[in-house]
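Novice: From first to last, the protein sequence lines are chains A and B. Quick note, the first sequence lines up with residues 1 to 93 if you use the working numbering. Quick note, the second sequence lines up with residues 101 to 193 if you use the working numbering. All residues carry an ideal CB built from backbone N, CA and C; glycine is no exception. Got a structure for you, questions after.
There are 2 protein chains.
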Amino acid sequence: MNEVFKALADPTRRKILDLLKERDLTAGEIAEHFEMSKSSISNHLKILKTAGLVLDEKKGQFILYSLNSTILQDVIKWLLDKKGKGDEFHEKR
Amino acid sequence: MNEVFKALADPTRRKILDLLKERDLTAGEIAEHFEMSKSSISNHLKILKTAGLVLDEKKGQFILYSLNSTILQDVIKWLLDKKGKGDEFHEKR
DNA sequence: TCTATATTTAGAAAATTAACTAAATATTAA
DNA sequence: TTAATATTTAGTTAATTTTCTAAATATAGA
């Protein structure tokens, strides 16, 4: 869980999650959204991947990244637990 | 929002939130739970306070800290937004 | 095979963060 | 007012993180 919170602590990485929310993207497409070297973005992607927040899939010469909402849900659970009685939100299905 | 995620990225600070979930505590009581100098804990409390995650109230010679669940809810909202269509969870009241 | 493209890895520099000790501030009680 | 307790602030050091450039790896197409 520590790796997940560390991963979420950087604004570039949170923006990457924002982008992946809309649709799956290759590493290069993600890098196009930032004024930063591709290797820096690659490093951020590695951190997100290690934390389990994104998944990668090789597509020919590209690598396609996607969100892993399972882990996001774990973070939500942690936060809901802190919030107190834990009954202000509940799962729909 | 960046300050909030940064604040959550440290395990000591997350444990402080855990403690405050149970009941309000003075700075000294919080420090007793850690093998770390009081000034280090004081610094962590300042970071949590700046992020809005905790509130402090002067009680005589003590300072009582409490959780601010409003901010936790903001984080939950951010995460729910990332999760996708945003309909897997909803607010109860 | 050769070349171009996509991405990651390695290594180093710069910036940020977390910890400590010592000193400062504020409150209570003698 | 003096002494004791609670907490924070200041200044420093060590560790971690972010970024860069250059080099390495892998794939696709001529």
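Measuring CA to CA, which of A:S39, A:D56, A:M36 is closest to L20 of chain A?
Specialist: Numbered from 1 along the first sequence, position 20 holds the residue referred to as residue 20 of chain A. Nearest C-alpha to L20 of chain A: A:D56.
Novice: Quick check: the Cα distance between V75 of chain A and V4 of chain A, rounded to an integer number of angstroms?
Specialist: The residue given as residue 75 of chain A occupies position 75 in the first sequence. The residue given as residue 4 of chain A occupies position 4 in the first sequence. Between V75 of chain A and V4 of chain A, the C-alpha separation is close to 8 Å.
Novice: Under three-state DSSP, which class holds L167 of chain B?
Specialist: Taking the second sequence and counting its residues from 1, one reaches residue 167 of chain B at position 67. Three-state result, L167 of chain B: strand.
Novice: Output the boundary residues of the beta strand (DSSP E) element that contains E22 of chain A.
Specialist: The sequence position of residue 22 of chain A within the first sequence is 22, counting from 1. Looking at the DSSP string, E22 of chain A is not in any beta strand (DSSP E); the run it does join, the alpha helix (DSSP H), is 11 to 22.
Novice: Where are the beta strand (DSSP E) runs, 3 residues long or more, that stay fully inside the stretch 23 to 64 of chain A, in chain order?
Specialist: If we require 3 residues or more, the beta strand (DSSP E) runs fully inside the stretch 23 to 64 of chain A come out as 54 to 59.
Novice: Using a Cβ-Cβ distance cut-off of 8 Å, determine whether V175 of chain B contacts chain A.
Specialist: One-based indexing of the second sequence puts residue 175 of chain B at position 75. Cβ-Cβ to chain A under 8 Å: yes for V175 of chain B.
Novice: Is K106 of chain B helix, strand or coil by DSSP?
Specialist: Taking the first residue of the second sequence as position 1, residue 106 of chain B is located at position 6. Looking at K106 of chain B - three-state DSSP - the assignment turns out to be helix.
Novice: So, using beta-carbon positions, are H144 of chain B and T170 of chain B closer together than 8 Å?
Specialist: The residue you call residue 144 of chain B lines up with position 44 of the second sequence. The residue you call residue 170 of chain B lines up with position 70 of the second sequence. Not a contact, by the Cβ cut-off of 8 Å.
Novice: Can you name the residues of chain B whose CB is closer than 7 Å to the CB of L64 of chain A?
Specialist: Here residue 64 of chain A corresponds to residue number 64 of the first sequence, with the count starting at 1. Under the 7 Å cutoff, chain B gives no residues; its nearest Cβ is about 17 Å from L64 of chain A.
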